[in-house]
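Inspection log for the structure reproduced underneath, given as structure tokens.
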Amino acid sequence: MSGVFITFEGIDQAGKSTQIEKLVKRLKKEYPDREIVQSFEPGATELGAKLRNIILHEDAISAHAELLLYLADRAENVNKVLVPALSRGCIVISDRYIDSTVAYQCSGRVLDRSTVLTMTNFATSGLLPDLTILLDITVEESKKRLLGLNADRLEQENNEFFEQVRSGYLKIAHDEKRVHVFDAMADIDKLSEDIYEVVSSVMV
Ligand code: TMP
């Protein structure tokens, strides 16, 4: 596939939306002829939007059912949004992708990692990002940024859950070369400059 696939990851309130917005603006300026497609998980497709509503607002969902809902959403995102855009040569940016599942469902919920990886591979037909930007913040900062917002089911999890998710992300970054970690408590504009530098290194 001729496109470039970039994903953003991090615990809740790490600032992904802000940095994605800044990156898209910069890419439009630097590559005016290139089509940029933005996606997100869960919820980017018609089916995904229904799944997102269930995932974030249903009272209690078992860890196994939750995993399957995320993977159903991802399979739709891959087939209906990501692969068509990458085949057209677009720059594709997704707010969350496979690493969210490993961090939240394996490290947070403690589901078996190798089973989850096999199932994720099935859902995505093996599609991997060219680059993953991991925005790292402390759990205290995440909780602080959440104050006053209407927290969804996942955001209401306790600090221990988020500590596990954060460590899970850092372990993925340690194991996978495509994942670059950024201190998301840094100045917003400096952070976006640093992110762009890494992004430009994967542009084809
Ligand atoms: P969002 O708030 O970034 O849209 O993400 C929704 C929530 O879903 C967030 O708390 C992270 C969680 N999540 C998982 O637990 N597993 C996944 O595979 C994905 C994509 C998200």
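If you want my numbering, it's the 1-based position in the sequence shown plus 21. Just so it is clear, CB atoms sit at the ideal spot from N, CA and C, and this is done for glycine as well.
Asked: Can we count P63 as close to the ligand TMP, meaning its CB is less than 7 Å from some heavy atom?; Found: yes
Asked: Could you check if N74 is buried or exposed, using at least 16 other CB atoms within 10 Å of its CB as the buried criterion?; Found: exposed
Asked: How many angstroms separate the CA atom of P105 from the CA atom of I57?; Found: 12 Å
Asked: To the nearest angstrom, report how far apart V202 and E67 are at their CA atoms.; Found: 32 Å
Asked: Taking the alpha helix (DSSP H) that E30 belongs to, which residues open and close that run?; Found: Here E30 belongs to no alpha helix (DSSP H); instead the beta strand (DSSP E) covers V25 to E30.
Asked: Using a 10 Å radius around the Cβ and a threshold of 16 neighbouring Cβ atoms, would you call F143 buried or exposed?; Found: exposed
Asked: Excluding five sequence neighbours on each side, which residues of the same chain lie with their C-beta closer than 7 Å to the C-beta of M206?; Found: I158 and E162
Asked: I'd like to confirm the pairing. Which residues does DSSP put opposite T153 in its beta bridges?; Found: T28 and V200
Asked: Quick one, are the C-beta atoms of D151 and V45 less than 8 Å apart?; Found: no
Asked: Would you mind sorting P53 into buried or exposed? The rule is 16 or more other CB atoms within 10 Å of its CB.; Found: exposed
Asked: Apart from the five residues just before and just after K43, which ones in its own chain have a Cβ nearer than 7 Å to its Cβ?; Found: S213
Asked: Rounded to whole angstroms, how far is the Cβ of D116 from the Cβ of K49, which I believe are closer than 8 Å?; Found: Rounded, the Cβ-Cβ distance is 17 Å, inconsistent with contact.
Asked: May I ask whether a heavy atom of the ligand TMP can be found less than 7 Å away from the beta carbon of E162?; Found: no
Asked: Using DSSP with H/G/I as helix, E/B as strand and the rest coil, what is I158?; Found: coil
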